[in-house]
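Peer 1: Have a look at the structure that comes next, please.
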Amino acid sequence: MTTPALTPGQAALSILVMAAVTFLTRALPFLLFDHGDHPPRIILYLGSVLPPAIISMLIVYCLKGVSFATPAGWVPALVSGLVAAGLHIWKHNDLLSIFGATVLYMVLVQAVFA
Amino acid sequence: MNRKTLAAAFPCTVPVLMGYLAIGMAFGLMLQSIGYGPVWAAFMSLTIYAGSGQYLGVSLLAMGASLGQVALLTFIINFRHLVYGLSLLEKFHGMGPRKLYMMFSLTDETYALLSSAQPPEEVDPHDFYFTIALLDHSYWVIGSVLGALAGQLLGFDTTGVDFAMTALFIVIAVSQWRAYPRHLPALLGAAATVVCLLLVGADNMLLPALGIIVLILVLARPRLDVHSAVKGADAA
Numbered sequence: 001m002t003t004p005a006l007t008p009g010q011a012a013l014s015i016l017v018m019a020a021v022t023f024l025t026r027a028l029p030f031l032l033f034d035h036g037d038h039p040p041r042i043i044l045y046l047g048s049v050l051p052p053a054i055i056s057m058l059i060v061y062c063l064k065g066v067s068f069a070t071p072a073g074w075v076p077a078l079v080s081g082l083v084a085a086g087l088h089i090w091k092h093n094d095l096l097s098i099f100g101a102t103v104l105y106m107v108l109v110q111a112v113f114a
Numbered sequence: 115m116n117r118k119t120l121a122a123a124f125p126c127t128v129p130v131l132m133g134y135l136a137i138g139m140a141f142g143l144m145l146q147s148i149g150y151g152p153v154w155a156a157f158m159s160l161t162i163y164a165g166s167g168q169y170l171g172v173s174l175l176a177m178g179a180s181l182g183q184v185a186l187l188t189f190i191i192n193f194r195h196l197v198y199g200l201s202l203l204e205k206f207h208g209m210g211p212r213k214l215y216m217m218f219s220l221t222d223e224t225y226a227l228l229s230s231a232q233p234p235e236e237v238d239p240h241d242f243y244f245t246i247a248l249l250d251h252s253y254w255v256i257g258s259v260l261g262a263l264a265g266q267l268l269g270f271d272t273t274g275v276d277f278a279m280t281a282l283f284i285v286i287a288v289s290q291w292r293a294y295p296r297h298l299p300a301l302l303g304a305a306a307t308v309v310c311l312l313l314v315g316a317d318n319m320l321l322p323a324l325g326i327i328v329l330i331l332v333l334a335r336p337r338l339d340v341h342s343a344v345k346g347a348d349a350a
């Protein structure tokens with residue numbers, strides 16, 4: 001276990017900001033369009049094309065720590081990532097794909113490439 | 115809420131029960147691995163209540179992100195919620211104060227249940243929706259506390275458990291790849307972010323990446339926005 005980077009007060013404040021912003025994203029359509037107004041088409045368009053782009057962006061963000069200096073820096077992430085995708089294409093089961101890939105990654109970084 | 119409503123709502127939520135216990139436990143383990151125990155897990159799951167948002171939250175707490183970064187990244191990852199509400203405006207109409215809770219608790223899974231589940235005749239639809247939302251939220255809190263407790267009590271080496279976040283996003287991406295007719299947005303998202311990672315580095319990559327993605331998507335709208343083209347033709 002590592003020492004937290006924030007004081008408990010700072011951490012609590014960060015969590016409240018996450019909570020407030022999350023609530024805002026869920027409540028905004030009700031606040032803006034609950035009176036029979038139609039949302040602008042550009043918003044509907046972005047709402048349909050942005051989610052896949054943002055998920056791809058977040059995958060790259062998750063993998064930002066990958067380094068190609070040694071095999072230990074990239075092989076576990078590549079293998080586990082392919083296993084996550086492969087399992088999901090094969091079995092269509094969210095939990096199996098996420099847990100299978102995470103356990104594999106933990107074994108790889110803790111035992112194989114330690 | 116009465117027994118009859120609960121008996122009608124609970125069976126609908128069983129798939130979410132399984133999913134939330136598991137994904138919630140992985141969240142609790144991740145949070146515990148950066149030094150925050152069960153009380154923090156309960157606090158986050160009660161107040162934020164978002165799967166991928168809380169996974170990202172763990173990494174924000176771990177790196178000691180500024181409040182501005184926290185707000186921006188939380189907004190980006192939850193942007194998809196903006197469209198959920200649009201299709202539920204009618205269903206929530208007339209729910210009074212409970213509507214606030216319905217908006218708060220609108221996760222991907224609850225949204226999916228509310229869009230599809232039909233209340234039985236003898237059950238008030240608003241009670242039915244509210245019960246589903248409340249049950250899902252409770253599964254999420256219980257799962258995340260169990261995960262944090264497991265990490266604390268069992269004390270096994272949790273190095274690498276953060277890959278659960280990567281795996282979750284990969285799973286969402288695979289499902290979206292199937293569901294979406296066009297793959298340009300997904301490919302653009304990855305390409306723009308890699309370019310920004312190489313140009314400005316890991317710490318500041320997300321904002322420019324998001325800017326480039328939105329700009330290109332707006333420019334590509336004539337090609338990508340089939341729906342509005344059809345609608346536009348109708349209107350004309």
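Which chain is which? The protein sequence lines are A and B, in order.
When we follow my numbering, the leftmost residue of the first sequence carries the number 1, and every step to the right adds one.
When we follow my numbering, the leftmost residue of the second sequence carries the number 115, and every step to the right adds one.
Quick reminder that beta carbons are idealized off the backbone N, C-alpha and C, glycines included.
#1: Residues of chain B with CB under 8 Å from Thr102/A, in chain order?
#2: Which residues in the same chain have their Cβ closer than 7 Å to the Cβ of Leu120/B, if we skip the five residues on either side of it in sequence?
#3: Could you name the residues of the region 174-197 of chain B whose beta carbon sits closer than 8 Å to any beta carbon of chain A, in the order they occur along the chain?
#4: Taking C-beta pairs closer than 8 Å, name the residues in chain B that Leu50/A reaches, listed in chain order.
#5: Restricting to runs no shorter than 4 residues, where is the alpha helix (DSSP H) found entirely within the region 184-213 of chain B?
#6: Apart from the five residues on each side of it in sequence, which residues of its chain come closer than 7 Å, Cβ to Cβ, to Gly151/B?
#7: Could you have a look at Asn318/B and say whether DSSP puts it in helix, strand or coil?
#8: Do you know how far the Cα of Thr70/A is from the Cα of Thr127/B?
#9: Taking 6 Å as the limit between beta carbons, can you name the residues of its chain near His207/B, skipping five residues before and five after?
#10: So is Leu78/A in contact with chain B if we call contact Cβ pairs under 8 Å?
#11: Please decide whether Gln290/B counts as near chain A, where near means a Cβ-Cβ distance under 8 Å.
#12: Quick check: Ile55/A and Ile286/B, are their CB atoms within less than 8 Å of each other?
#13: Can you tell me whether Lys64/A is helix, strand or coil according to DSSP?
#14: Tell me the DSSP secondary structure of Gln266/B in three-state form.
#15: At the level of alpha carbons, what is the spacing between Leu331/B and Phe283/B?
#16: Using a Cβ cut-off of 8 Å (strictly closer), state whether Leu313/B contacts chain A.
#17: Tell me the DSSP secondary structure of Trp74/A in three-state form.
#18: Report yes if the C-beta distance between Leu160/B and Thr25/A is below 8 Å; otherwise report no.
#19: Run through the region 213-295 of chain B for me and flag every whole alpha helix (DSSP H) of 4 or more residues, listed as ranges in chain order.
#20: In the structure shown, what three-state DSSP assignment does Pro52/A receive?
#21: Does the count of Cβ pairs from the region 106-113 of chain A and the region 232-248 of chain B closer than 8 Å reach three?
#22: So, under 8 Å CB-CB, Tyr163/B and Ser219/B are touching, yes? Tell me the CB distance rounded to an integer number of Å.
#23: List the whole-angstrom C-beta distance separating Pro40/A from Arg194/B, where the pair is believed to meet the contact cut-off of C-beta under 8 Å.
#24: Residues in its own chain within less than 6 Å of Tyr134/B by CB, not counting five upstream and five downstream?
#25: Shorter than 8 Å from the beta carbon of Tyr150/B to some beta carbon of chain A?
#26: Of the residues that make up the region 242-271 of chain B, which ones have a beta carbon closer than 7 Å to any beta carbon in chain A?
#27: Going by beta carbon distance, what residues of the same chain come within less than 7 Å of Ala114/A, once the five residues before and after it are set aside?
#28: From Gly269/B to Thr102/A, what does the alpha carbon distance come to, in whole angstroms?
#29: Classify Ile42/A as buried or exposed, calling it buried when 16 or more other Cβ atoms lie within 10 Å of its own Cβ.
Peer 2: Taking the geometry as given:
#1: Ala140, Gly274, Val275, Phe277, Ala278, Ala281, listed in chain order.
#2: Only Thr245 meet the Cβ criterion.
#3: Answer set for the region 174-197 of chain B: Leu174, Leu175, Ala176, Met177, Gly178, Ala179, Leu181, Val184, Ala185, Thr188, Phe189, Ile190, Ile191, Asn192, Phe193, Arg194, His195, Leu196, Val197.
#4: Within 8 Å Cβ-Cβ: Phe193, Arg194, Pro299, Ile327, Val328, Leu331.
#5: The qualifying runs are 195-202.
#6: The residues are Ala262, Gln266.
#7: Collapsing the DSSP output to three states places Asn318/B in a helix.
#8: Each residue's Cα considered, the two are about 46 Å apart.
#9: Excluding positions up to five away in sequence, the list is empty.
#10: Under the Cβ distance rule, Leu78/A does not count among the residues neighbouring chain B, no pair being separated by less than 8 Å.
#11: Yes, its Cβ sits closer than 8 Å to a Cβ of chain A.
#12: Going by C-beta atoms, Ile55/A is nearer than 8 Å to Ile286/B.
#13: Lys64/A: coil per DSSP, three-state reduction.
#14: In the displayed model, Gln266/B falls within a helix according to three-state DSSP.
#15: Roughly 21 Å separates the two Cα atoms.
#16: With respect to chain A, the C-beta atom of Leu313/B has no partner C-beta closer than 8 Å.
#17: Coil at Trp74/A, not helix or strand.
#18: The answer is no: Cβ separation not under 8 Å.
#19: Runs found: 222-230, 239-268, 277-293.
#20: Helix at Pro52/A.
#21: Judged by Cβ distances under 8 Å, the region 106-113 of chain A makes no contact with the region 232-248 of chain B, as fewer than three pairs qualify.
#22: Between Ser219/B and Tyr163/B the Cβ distance is about 6 Å, and since that is below 8 Å, they are a contact.
#23: With 8 Å as the limit, Pro40/A and Arg194/B do not qualify as a contact, their Cβ atoms being about 17 Å apart.
#24: Excluding five sequence positions before and after Tyr134/B, the CB atoms of its chain that fall closer than 6 Å to its own CB belong to Tyr253, Trp254, Gly257, given in chain order.
#25: Yes - at least one Cβ of chain A is within 8 Å of the one on Tyr150/B.
#26: Within the region 242-271 of chain B, the qualifying residues are Asp271.
#27: For Ala114/A, where only same-chain residues beyond five positions count, there are no Cβ hits under 7 Å.
#28: As the crow flies, the alpha-carbon of Gly269/B is around 18 Å from that of Thr102/A.
#29: Ile42/A comes out exposed.
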